[in-house]
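Respectively, the protein sequence lines represent chains Y and P.
Numbering of the first sequence is given in the working numbering, commencing with residue 132 and proceeding in unit increments.
Numbering of the second sequence is given in the working numbering, commencing with residue 5 and proceeding in unit increments.
For glycine and all other residues, C-beta sits at the position ideal for the given N, C-alpha and C.
Data block below; observations after.
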Amino acid sequence: MASQNEHIEHLREIRSIMERSSQFLSLSGLSGVFAGIVALFGALVVYLYQYDFYFGRYYHGGVFLQEDLLTGEALRNFYVFTLLTGAIVLVVALGFVVYFTNRNARRKRLPRWNTTVRRMLINLIIPLAAGGMFCLALLYHGLFYLVAPVTLIFYGLALVNASKYTLRDIRYLGLLEIALGLAASIWVGYGLIVWAIGFGLLHIGYGLAMYLKYEGPDKQAQ
Amino acid sequence: MKDLINKLNKHFESRVRLGVMSVLMVNDWVDFSTLKEALDITDGNLASHIKALEGVRYIEVKKQFLGRKPNTSYRATLEGRTAFEDHLKALEKLINTTP
Chain Y
132 MASQNEHIEH
142 LREIRSIMER
152 SSQFLSLSGL
162 SGVFAGIVAL
172 FGALVVYLYQ
182 YDFYFGRYYH
192 GGVFLQEDLL
202 TGEALRNFYV
212 FTLLTGAIVL
222 VVALGFVVYF
232 TNRNARRKRL
242 PRWNTTVRRM
252 LINLIIPLAA
262 GGMFCLALLY
272 HGLFYLVAPV
282 TLIFYGLALV
292 NASKYTLRDI
302 RYLGLLEIAL
312 GLAASIWVGY
322 GLIVWAIGFG
332 LLHIGYGLAM
342 YLKYEGPDKQ
352 AQ
Chain P
5 MKDLINKLNK
15 HFESRVRLGV
25 MSVLMVNDWV
35 DFSTLKEALD
45 ITDGNLASHI
55 KALEGVRYIE
65 VKKQFLGRKP
75 NTSYRATLEG
85 RTAFEDHLKA
95 LEKLINTTP
C-alpha cells in the first residue's frame with residue numbers, strides 16, 4: 132500500500148506539472164526593471180526635445196499663447212521624432228525582456244519555447260495589435276491627445292489577457308495600466324507623464340517586486 | 005479505510021499517467037513532444053502509458069501533418085477528466101483521514 136507521504140508527494144507533483152505546463156513561469160522581473168528604465172529614458176529624451184508641447188498648459192493652462200502651438204513642419208518633425216523614439220524604446224526594451232527571460236529560463240531549467248509561450252504571446256499580441264492600429268486611426272483623424280491613454284489601455288488589456296498563461300501578478304499590472312489609461316483619457320494633455328508612469332515607473336516597481344518574489348538572492352539556489 | 009483506497013483509480017497508478025493527465029487537465033490539445041518535455045521521460049515509456057490511457061478512453065488522439073511531419077496530439081476526454089478529478093478527491097480524502 133502506498134504510504135501517506137507518497138500520496139502527498141503525488142498531489143504536489145500533479146500541481147507542479149499543471150502549473151509548469153499551463154503557465155510561462157520564466158518571465159523575469161529584471162526585464163521589467165530594465166524595460167522601465169529604457170522607457171523613462173525615452174520619455175526624458177522626448178521631453179528635452181520639445182517640453183512646451185506637454186503638460187496641461189497646452190490644453191488648459193490660462194497662459195496659453197498662440198506661439199506655444201506647434202504647427203506645420205515643426206509639428207510634423209515632432210511627431211516623427213516621438214514615434215522614432217518610441218520605436219527605439221520598444222525594440223531595446225523587448226531586447227532586455229528576451230535576454231533576462233532566457234537567462235531565467237536557463238537557470239530554472241524551464242523550456243524557452245513551447246506551446247505555453249506561444250499561447251501567451253498570441254494572447255498578448257491580439258489586443259496590442261488592435262491597439263496599435265487604433266492609435267494609427269487616431270493619428271489619421273488628428274486625435275493626438277488620445278494616443279497616450281489608448282496605448283496604455285490596450286497594453287493593460289493585453290497584459291490581462293496574457294496573464295492567464297504566465298505569472299498571475301501580470302494581471303494586476305494590466306489592471307493598473309488600464310486604470311491609468313482611463314484616467315489619462317479624461318485629463319488629457321499629460322501624455323508624456325502618463326507614458327513615463329505607465330511604461331516606466333510601473334514596470335520598474337512591478338519588475339522589482341516580481342524579482343524579489345520569484346528570483347531573489349535567496350531563491351537562486353533552488 | 006479500505007473503502008477509500010478502493011476509490012483510487014487503478015488506471016492512474018503510475019507517476020507517468022498522473023503526469024500525462026495533469027498536463028491534459030489544464031491544456032487543450034498537447035502534442036507528443038510537449039508532453040515528453042513536460043514530464044521528462046523517454047519516448048517508449050510515454051508511448052506505452054499513453055496507449056493505456058487511450059485504451060480506457062481517458063484521452064483522445066488526433067493525428068495530422070504539419071507540413072510533411074506527422075504530428076500526434078492528445079486531449080483529455082470528459083470521461084478522463086471526471087475520472088481524474090475523482091481520483092484526486094480520493095487521494096485528498098485519504099490524506100486527510102489518515103492521522
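What do you get for residue i, buried or exposed, if any count of 16 or more other CB atoms within 10 angstroms of its CB means buried?
| i | result |
| --- | --- |
| Glu346 (chain Y) | buried |
| Ser147 (chain Y) | exposed |
| Asn136 (chain Y) | exposed |
| Val194 (chain Y) | Its pLDDT being 49, under 50, Val194 (chain Y) is placed unreliably by the model, and the measurement read from it follows with that caveat. Exposed is the call here. |
| Pro258 (chain Y) | buried |
| Phe69 (chain P) | exposed |
| Met264 (chain Y) | exposed |
| Glu308 (chain Y) | buried |
| Ala260 (chain Y) | exposed |
| Val281 (chain Y) | buried |
| Ser52 (chain P) | exposed |
| His91 (chain P) | buried |
| Asn31 (chain P) | buried |
| His272 (chain Y) | exposed |
| Leu225 (chain Y) | exposed |
Identify the contact partners of residue i in chain P, using a Cβ-Cβ distance below 9 angstroms as the criterion.
| i | result |
| --- | --- |
| Met251 (chain Y) | Neighbours of Met251 (chain Y) on chain P: none; closest Cβ ~13 angstroms, over 9 angstroms. |
| Thr232 (chain Y) | In chain order: nothing, as chain P lies at least about 18 angstroms away. |
Is the Cβ-Cβ distance between residue i and residue j less than 7 angstroms?
| i | j | result |
| --- | --- | --- |
| Trp326 (chain Y) | Ala279 (chain Y) | yes |
| Val220 (chain Y) | Gly173 (chain Y) | yes |
| Gly160 (chain Y) | Gly336 (chain Y) | no |
| Leu277 (chain Y) | Leu269 (chain Y) | yes |
| Ile145 (chain Y) | Leu22 (chain P) | yes |
| Val291 (chain Y) | Arg299 (chain Y) | no |
| Leu1 (chain P) | Leu142 (chain Y) | In the structure displayed, chain P extends from 5 to 103; residue 1 (chain P) sits before or after that span and is not available. |
| Ala87 (chain P) | Asn13 (chain P) | yes |
| Val248 (chain Y) | Thr216 (chain Y) | no |
| Gly287 (chain Y) | Gly262 (chain Y) | no |
| Phe227 (chain Y) | Ser294 (chain Y) | no |
| Ser26 (chain P) | Met149 (chain Y) | yes |
| Leu311 (chain Y) | Gly329 (chain Y) | yes |
Expressed to the nearest angstrom, what Euclidean distance is found between the alpha-carbon atoms of residue i and residue j?
| i | j | result |
| --- | --- | --- |
| Val169 (chain Y) | Thr46 (chain P) | 44 angstroms |
| Gly166 (chain Y) | Thr297 (chain Y) | First, the amino acid is wrong: residue 166 (chain Y) is Ala here, not Gly. About 18 angstroms. |
| Asn49 (chain P) | Phe36 (chain P) | 12 angstroms |
| Met132 (chain Y) | Ser157 (chain Y) | Because the pLDDT of Met132 (chain Y) is 49, which lies under 50, any placement of that residue in the model is unreliable, and the number read from its coordinates should be weighed accordingly. Roughly 38 angstroms separates the two Cα atoms. |
| Ala236 (chain Y) | Arg151 (chain Y) | 12 angstroms |
| Arg234 (chain Y) | Leu206 (chain Y) | 42 angstroms |
| Ile324 (chain Y) | Leu43 (chain P) | 47 angstroms |
| Arg243 (chain Y) | Ile253 (chain Y) | 16 angstroms |
| Phe186 (chain Y) | Tyr180 (chain Y) | In this predicted model, Phe186 (chain Y) has a pLDDT of only 48, less than 50, meaning its place in the structure is not dependable enough to derive any value. |
| Gly84 (chain P) | Leu171 (chain Y) | 51 angstroms |
| Phe101 (chain Y) | Arg19 (chain P) | The structure shown does not extend to residue 101 (chain Y), since chain Y is modelled only from 132 through 353, so no value can be given for it. |
| Tyr62 (chain P) | Leu39 (chain P) | 16 angstroms |
| Ala218 (chain Y) | Ile256 (chain Y) | 16 angstroms |
| Phe16 (chain P) | Ile54 (chain P) | 11 angstroms |
| Ser153 (chain Y) | Asn245 (chain Y) | 10 angstroms |
| Arg72 (chain P) | Val60 (chain P) | 30 angstroms |
| Met29 (chain P) | Tyr78 (chain P) | 11 angstroms |
| Thr213 (chain Y) | Ser316 (chain Y) | 19 angstroms |
| Leu331 (chain Y) | Ala340 (chain Y) | One point to set straight first is that residue 331 (chain Y) is Gly, not Leu, in the sequence displayed. Distance between the alpha carbons of Gly331 (chain Y) and Ala340 (chain Y) is about 14 angstroms. |
| Val211 (chain Y) | Glu64 (chain P) | 54 angstroms |
Output, in chain order, the set of chain P residues within a Cβ distance shorter than 8 angstroms of residue i.
| i | result |
| --- | --- |
| Arg151 (chain Y) | Ala42 |
| His138 (chain Y) | Leu95, Leu98 and Ile99 |
| Thr246 (chain Y) | Asn31, Val34, Asp35 and Thr38 |
| Leu255 (chain Y) | Here the premise fails: no neighbours, minimum Cβ distance about 18 angstroms. |
I want to verify the contact list: residues of chain Y whose CB lies under 9 angstroms from the CB of residue i, in sequence order.
| i | result |
| --- | --- |
| Val27 (chain P) | Ile148, Met149, Arg151, Ser152 and Ser153 |
| Asp22 (chain P) | Here residue 22 (chain P) is Leu; the residue named in the question, Asp, does not match the sequence. In chain order: His141, Glu144, Ile145 and Ile148. |
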